[in-house]
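Asker:
2 protein chains.
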Amino acid sequence: MKLFEETVESKTLFRGKIVTLRQDVARLENGALASREVVEHPGGVCILALEEDGTTYTVKQFRYPFGKVVEELPAGKLDGPEDHRLAGLRELSEEIGATPGEFIYLGCLLLSPGFCTERLHMYLARDLHFGPVHPDEDEFLEICCTDLDTLYERVMAGELEDAKTVACILKAREYLKREAGERT
Amino acid sequence: MKLFEETVESKTLFRGKIVTLRQDVARLENGALASREVVEHPGGVCILALEEDGTTYTVKQFRYPFGKVVEELPAGKLDGPEDHRLAGLRELSEEIGATPGEFIYLGCLLLSPGFCTERLHMYLARDLHFGPVHPDEDEFLEICCTDLDTLYERVMAGELEDAKTVACILKAREYLKREAGERT
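Sequence lines, in order, name chains P and S. Numbering follows my numbering, with no gaps: position 87 of the first sequence is 87. Numbering follows my numbering, with no gaps: position 24 of the second sequence is 24.
#1: Check whether the region 71-84 of chain P and the region 74-89 of chain S are in contact - that is, three or more C-beta pairs closer than 8 angstroms.
#2: Residue range of the beta strand (DSSP E) that S:Asp-147 falls in?
#3: For S:Lys-60, which residues does DSSP report across the bridge?
#4: Grab me the residues of P:Glu-91's own chain with a C-beta within less than 7 angstroms of its C-beta, minus the 5 sequence neighbours each way, in chain order.
#5: Specify the secondary structure class of P:Lys-177 as computed by DSSP and reduced to three states.
#6: My guess is that P:Val-39 and P:Leu-21 are in contact by the Cβ rule of under 8 angstroms, so how many angstroms apart are they, rounded?
#7: Helix, strand or coil for S:Val-166, going by three-state DSSP, please let me know.
#8: Applying a beta-carbon distance threshold of less than 8 angstroms, which residues of chain S neighbour P:Thr-117?
#9: Look at S:Gly-88 and S:His-121 and say whether their C-beta atoms are less than 8 angstroms apart.
#10: So which residues of chain P does S:Val-133 contact, with C-beta pairs closer than 8 angstroms?
#11: Is DSSP giving S:Ser-112 helix, strand or coil here?
#12: Check whether the Cβ of S:Leu-73 lies closer than 8 angstroms to any Cβ atom in chain P.
#13: State the Cα-Cα distance for the pair P:Cys-144 and S:Leu-148, rounded to the nearest angstrom.
#14: Measure the alpha-carbon distance for S:Glu-102 versus S:Arg-154 and round it to whole angstroms.
#15: Pull out every residue of the region 42-53 of chain S whose Cβ sits closer than 7 angstroms to any Cβ of chain P, in chain order.
#16: Taking the beta carbon of P:Asn-86 as the centre, do at least 16 other beta carbons fall within 10 Å, making it buried, or is it exposed?
#17: Can you find a C-beta in chain P that's less than 8 angstroms from the C-beta of S:Arg-85?
#18: Please classify S:Gly-114 as buried or exposed, where buried requires at least 16 other C-beta atoms within 10 Å of its C-beta.
#19: Name the two residues that bound the continuous beta strand (DSSP E) containing S:Glu-9.
#20: I'd like the list of long-range same chain contacts for S:Phe-62, defined as Cβ closer than 6 angstroms, with 5 residues on each side in sequence excluded.
#21: Could you tell me which chain S residues have their CB closer than 8 angstroms to the CB of P:Leu-89, listed as they occur along the chain?
#22: Establish whether the CB of P:Asp-138 and some CB of chain S are separated by less than 8 angstroms.
#23: Are any of the Cβ atoms in chain P nearer than 8 angstroms to that of S:Leu-170?
#24: Rounded C-beta distance between P:Leu-151 and P:Leu-141? I'm assuming under 8 angstroms.
#25: So with Cβ pairs under 8 angstroms, would you call P:Gly-16 a contact of chain S?
Pasting the structure below:
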């Protein structure tokens, strides 16, 4: 098996502010043709901002597709081909008003690789310096402070469901445990 | 703040095999109107299948939106309002030919709550009994066996990027550590 699909046709059906929808035809490795729906998304970045005493920050906002408030780590979309590190620093400043002395890359996530091009980059921010928040116009957020151990317990209890939030909290915690192990 | 958005208009732009695209108008809490692009997706399930000696299973497949092979835990879409537990058992049987004696729910993930209704359910499968695999027609997979510790190291090294795979491996590992702690 070569695990490859070749694009035979590609048609853009919709260009929105957030997503672009394409319907392609792909030739599979057995020669058969298959329809491929592709949602193009610019990708994004999320940040676990951690203070020395263990305090972290989450934001609650109404998530229209689910019709409910979802609690997530601070995050935002990339503006086109923007550098994700700069985008992360901007979001952190906009949403919780913090500038970090340390900004550690924790890897990326492919959120729905079956149909969507969205790629999300995760960061751990430390040595935080606070200034005013600069929320986007028409962005309504409630900022919450919680310590990392509590966030971890809430992930394990299923109280936090946002995928980037779950993955970033668990991965950051492993990163911090390894770092502490190396220091001792 | 009440963190609520009210639907004022809703228009379905596309109904595909995988996704449905809507463009809605929502009234925000300050009274302003905003466009909301919504990708409807039936949701899915992913499974970490674990043998007593630590062996786990992943699948490699070509993911058309990224134009590359992605390694993921066995997973699949729900067929409409299907029970996610039954869907998980079916996918496990189709993709790796296993029937589990134990099938433990690990919670769900909202993959892209800003624009997409996809909700993914995670399971840990143990006490595995193997029969023939039943892959979907036109589904090309390569099945890989790895032990859980190696999967964890590959998550930490950024070699596994699929969001459900990262979240499910890290959460299952925490679940197993707690279970082992309770036993001793």
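A virtual CB, placed ideally from N, CA and C, is assigned to each residue, including glycine.
Answerer: Let me spell this out:
#1: Not touching, per the Cβ criterion.
#2: That run of the beta strand (DSSP E) goes 142-147.
#3: Beta-bridge partners assigned by DSSP to S:Lys-60: S:Glu-71 and S:Glu-142.
#4: Only Val-45, Ile-47, Pro-74, Ala-75 and Gly-76 meet the Cβ criterion.
#5: Assigned with DSSP and collapsed to three states, P:Lys-177 falls in helix.
#6: About 6 angstroms; that satisfies the 8 angstroms criterion.
#7: S:Val-166 carries a helical assignment under DSSP once its states are collapsed to helix, strand and coil.
#8: Per Cβ cutoff of 8 angstroms: Pro-65 and Phe-66.
#9: The answer is yes: Cβ separation under 8 angstroms.
#10: Within 8 angstroms Cβ-Cβ: nothing; S:Val-133 doesn't reach chain P, min ~14 angstroms.
#11: DSSP, reduced to helix, strand and coil, places S:Ser-112 outside both helices and strands of the structure shown, so it counts as coil.
#12: No, no contact with chain P.
#13: About 34 angstroms.
#14: Going by C-alpha positions, S:Glu-102 is about 26 angstroms away from S:Arg-154.
#15: Taking a C-beta cut-off of 7 angstroms against chain P, none of the residues of the region 42-53 of chain S qualify.
#16: The displayed chain sequence assigns Leu, not Asn, to residue 86 of chain P. Exposed, since its Cβ has fewer than 16 Cβ neighbours within 10 Å.
#17: So, not an interface residue.
#18: Classification for S:Gly-114: buried.
#19: Counting along the chain, the beta strand (DSSP E) containing S:Glu-9 begins and ends at 6-15.
#20: If we look at S:Phe-62 and ignore the five residues flanking it on each side, its Cβ neighbours are Val-69.
#21: Close to P:Leu-89, with beta-carbon spacing below 8 angstroms, lies no residue of chain S; the smallest spacing is near 20 angstroms.
#22: Chain S contact via Cβ: present.
#23: The Cβ of S:Leu-170 sits closer than 8 angstroms to at least one Cβ of chain P.
#24: A Cβ-Cβ separation of about 17 angstroms leaves P:Leu-151 out of contact with P:Leu-141 under the 8 angstroms criterion.
#25: By this cut-off, P:Gly-16 is an interface position.
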